[in-house]
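Undergrad: Read top to bottom, the protein sequences are chains W and C. Under this note's numbering, the first residue of the first sequence carries the number 1, and numbering increases by one thereafter. Under this note's numbering, the first residue of the second sequence carries the number 1001, and numbering increases by one thereafter. Handing you a structure now.
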Amino acid sequence: MSGTLRIHVDPDKCQGHARCKSLAPELFELDALGNAHEIGDGTVPAGLEDKAWLAQANCPEFAIAIKEE
Amino acid sequence: MSSPAPVTDWVRDFDHTDPRWTENPYPIWDELRAECPVAHTDRFLGVYLPTTYEAVKEICYDTEHFSSRRVVVRNVRPEPPPPAPPITSDPPAHKHAKQILLSPFLPDAVRQLEPRVRAICNDLIDGFINDKSCDAAARYTKRIPIRAITHMLGVPEKDGDLFIRWIHEMLELGVHDDNMVMKAIHEMVAYFAEQIESRKKHPTDDLISTLMNARGEDGQPLTDLHVQGALRLLLVAGLDTTWSAIGSSLWHLAQTPADRARLVAEPELLPTAIEEFLRAFSPATSGREVMKETTVSGCPMKPGNTVLLSFPAANRDPAVFPDADKVIIDRKENRHVAFGVGIHRCVGAHLARMEMLVAIEEWLKRIPDFRLDPSGEITWSEGSVRGPRQLPLLLGTG
């Protein structure tokens, strides 16, 4: 089963490595201090699921959660 | 000053300045990891060495038991060490000290510098491309971050040679010789004091002025001492780490024709390959001081000891990275900790990545074929930063 994915960056864990933003610029953006957060409500548009998983698998702080809805 | 005794028992008596470690540390870490996740030595007044990803991460996140006020493991521990914020800062002072430095090193700011770094790389390549051979460490990898930082600081390019000497005195000679560390620090303090005075009279828009214009948590300008400390940090933490990372990448490519050919054919793979080079050849090992008794991965740790916080060893942990000892340039899942984790994540990480990417990209464009020069000798730096200091290469297919 493949439902819609929703991503969320834990702001307490993120330290601004920005790996997610460079791997999936459609899904993540950086704030003024360089910390990442999900774009919009974090819903992953169809076709970008692999990028979401890739970003999660490369975060050195384990700051990205992905929920399947 | 006599040389330290050679190591015969790595698990109980390791020495990160032993020639065997300098030459090839990877089998040593494998041996230690198999024995115990945290090794200890009585050398350097007592040091713990975590070799697993888990133990390294745990220490990084634990600012209660581990202080960052000493980030280089040495034979001596001056009291108090001259601060270089934010790397030597602990919470709560750390947060603001880091925020001050963040903006000039954000990805967008770094992107503005990219054309300059590209020009520096090509200028350097122009200097040796018509030769059949070159020492890529002396003529290329070292010069890129040095020239980039002099540009950012707004100081003469020739001052980069001073920076190289200070870093060597601080990070290599200084491990066994405190006088060398203090001499380098005093020279750096005097150098930046002069730069700060000159900008008070004639303001500029470079990084030194940016720091001078920054405000502390109390809304007041930073003290000259804070500005000088932050500038010393930029030199000591940002230069030989980056030149080492570029050098190790070229060292790998010089002896791996398949990877070289693939990156020439698929330059879009370069960002992924750079992350793998960062994992496999992480240049920087940091330090911590144990402040309160605690236990990490089952190993008791006592105050008075320091920790050699080996990001390179964590990145070779086979429990986290399949085929950890292999360089896989299209490795997709790569949660490496080359830039540290937790609050002390390297502030210059985005700059370092850009310099690595541009340096390798421009080199491969103009010198797609090269190999190690069998008549030359490769030497590696000693101490807490690892990278080739002499990298003799033969250029072209000839």
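Ideal Cβ placement from N, Cα and C applies to all residues, glycine included.
(1) Compare the C-beta of P1388 of chain C against all C-beta atoms of chain W and say whether one is closer than 7 angstroms.
(2) Roughly how many angstroms lie between the CA atoms of E1293 of chain C and L1278 of chain C, to the nearest whole one?
(3) Count the other CB atoms, across all protein chains shown, that sit within 10 Å of the CB of E68 of chain W; report buried if there are 16 or more and exposed otherwise.
(4) Any C-beta of chain W within less than 8 angstroms: which residues of the stretch 1316–1337 of chain C qualify?
(5) CB-CB under 7 angstroms to M1291 of chain C, same chain, minus the five flanking residues each way: which ones, in chain order?
(6) Would you mind sorting H37 of chain W into buried or exposed? The rule is 16 or more other CB atoms within 10 Å of its CB.
(7) Using 8 angstroms for Cβ pairs, my map puts G1247 of chain C next to G1387 of chain C. What's the rounded Cβ distance?
(8) Can a CB atom of chain C be found closer than 7 angstroms to the CB of P60 of chain W?
(9) Taking F1163 of chain C as the reference, which of C:L1235, C:P1104, C:R1111 and C:D1224 has the closest Cα?
(10) Can you give me the start and stop residues for the alpha helix (DSSP H) that E1333 of chain C sits inside?
(11) Under 9 angstroms, CB to CB, which of the residues in the stretch 1103–1120 of chain C have a partner in chain W?
(12) Within the same chain, show all residues whose beta-carbon is closer than 8 angstroms to that of L1269 of chain C, passing over the 5 residues directly before and after it, in chain order.
(13) Whose C-alpha, out of C:A1237, C:S1003 and C:L1250, is nearest the C-alpha of R1345 of chain C?
(14) Any C-beta of chain C sitting closer than 7 angstroms to the C-beta of A63 of chain W?
(15) Could you check whether the Cβ of Q56 of chain W sits closer than 7 angstroms to any Cβ belonging to chain C?
(16) When you compare only the Cα positions, how much space is there between P1300 of chain C and L1253 of chain C?
(17) Check the Cβ of L33 of chain W against every Cβ in chain C and list those closer than 7 angstroms, keeping chain order.
(18) Can you have a look at M1 of chain W and say buried or exposed, based on whether 16 or more other CB atoms are within 10 angstroms of its CB?
(19) Within 7 angstroms (strictly less), CB to CB, does V1358 of chain C reach chain D?
(20) Below 7 angstroms CB to CB, which residues in the same chain sit around V1358 of chain C once its five sequence neighbours on both sides are set aside?
(21) Going by C-alpha to C-alpha distance, which of C:F1321, C:R1316 and C:V1307 sits closest to V1073 of chain C?
(22) Express the C-alpha separation of Q56 of chain W and T43 of chain W in angstroms, rounding to a whole number.
(23) Using a Cβ-Cβ cut-off of 7 angstroms, state whether V1341 of chain C counts as contacting chain W.
(24) From the DSSP secondary-structure annotation, give me the bridge partner or partners of P1221 of chain C.
(25) Let me know the secondary structure DSSP gives M1 of chain W once reduced to three states.
(26) Taking 7 angstroms as the threshold (beta carbon to beta carbon), is A18 of chain W in contact with chain C?
TA: Checking against the coordinates, here is how it stands:
(1) By one-based count along the second sequence, residue 1388 of chain C stands at place 388. Not an interface residue.
(2) Here residue 1293 of chain C corresponds to residue number 293 of the second sequence, with the count starting at 1. Here residue 1278 of chain C corresponds to residue number 278 of the second sequence, with the count starting at 1. Whole-angstrom Cα-Cα distance: 33 angstroms.
(3) As a working mapping, residue 68 of chain W is identified with position 68 in the first sequence. Per the 10 Å Cβ criterion, exposed.
(4) K1332, E1333, N1334, R1335, H1336 and V1337
(5) Taking the first residue of the second sequence as 1, we reach residue 1291 of chain C at position 291. H1065, F1066, S1067 and P1303, listed in sequence order.
(6) Position 37 of the first sequence holds residue 37 of chain W. The residue in question, H37 of chain W, is buried, as its Cβ has 16 or more Cβ neighbours within 10 Å.
(7) In the second sequence, residue 1247 of chain C corresponds to position 247, counting from 1. In the second sequence, residue 1387 of chain C corresponds to position 387, counting from 1. With a Cβ gap of about 5 angstroms, G1247 of chain C and G1387 of chain C count as contacting.
(8) For the purposes of this step, residue 60 of chain W is taken as residue 60 along the first sequence, with counting starting at 1. Closer than 7 angstroms: yes.
(9) For this step, residue 1163 of chain C is matched to residue 163 along the second sequence. When each option's Cα is compared against that of F1163 of chain C, the closest is C:L1235.
(10) Numbered from its first residue, the second sequence carries residue 1333 of chain C at position 333. Premise fails: E1333 of chain C is in no alpha helix (DSSP H) and is neither H nor E.
(11) S1103, F1105, L1106, P1107 and D1108
(12) Within the second sequence, residue 1269 of chain C is the residue found at index 269, counting from 1. Cβ neighbours of L1269 of chain C beyond the five flanking positions: R1262, L1263, I1329 and D1330.
(13) Here residue 1345 of chain C refers to the residue found at position 345 of the second sequence. Comparing Cα-Cα distances from R1345 of chain C to each of C:A1237, C:S1003 and C:L1250, the minimum goes to C:A1237.
(14) Looking up residue 63 of chain W in the first sequence gives position 63. No, A63 of chain W does not count as interfacial toward chain C.
(15) What you label residue 56 of chain W is simply residue 56 of the first sequence in a count that begins at 1. Not closer than 7 angstroms to any Cβ of chain C, the Cβ of Q56 of chain W fails to qualify, so no.
(16) Numbered from 1 along the second sequence, position 300 holds the residue referred to as residue 1300 of chain C. Numbered from 1 along the second sequence, position 253 holds the residue referred to as residue 1253 of chain C. The alpha-carbon atoms of P1300 of chain C and L1253 of chain C are separated by roughly 41 angstroms.
(17) Here residue 33 of chain W refers to the residue found at position 33 when the first sequence is read from its first residue. Those are Q1099 and L1102, listed as they occur along chain C.
(18) By one-based count along the first sequence, residue 1 of chain W stands at place 1. With a pLDDT of 47 at M1 of chain W, under the threshold of 50, the predicted position of this residue should be treated as unreliable, though the coordinate-derived value follows. M1 of chain W should be labelled exposed.
(19) Considering every chain present, this structure includes no chain D. Its protein chains are W and C.
(20) On the second sequence, residue 1358 of chain C is found 358 positions in, with the first residue counted as 1. Hits under 7 angstroms: E1114, V1117, R1118 and C1121.
(21) Reading the second sequence from its first residue, position 73 is the one you call residue 1073 of chain C. For the residues C:F1321, C:R1316 and C:V1307, the minimum Cα distance to V1073 of chain C belongs to C:V1307.
(22) Along the first sequence, one-based indexing puts residue 43 of chain W at 43. Along the first sequence, one-based indexing puts residue 56 of chain W at 56. Looking at the two C-alpha atoms, the distance is approximately 14 angstroms.
(23) Here the question's residue 1341 of chain C lines up with position 341 in the second sequence. With 7 angstroms as the cut-off, V1341 of chain C counts as an interface residue toward chain W.
(24) By one-based count along the second sequence, residue 1221 of chain C stands at place 221. P1221 of chain C pairs with C:R1215.
(25) As a position in the first sequence, residue 1 of chain W is number 1, starting the count at 1. Any reading at M1 of chain W must be qualified, since the residue scores a pLDDT of 47, below 50, and its modelled position is unreliable; the value itself is stated next. Of the three classes helix, strand and coil, the one that applies to M1 of chain W here is coil, per DSSP.
(26) By one-based count along the first sequence, residue 18 of chain W stands at place 18. Closer than 7 angstroms: yes.
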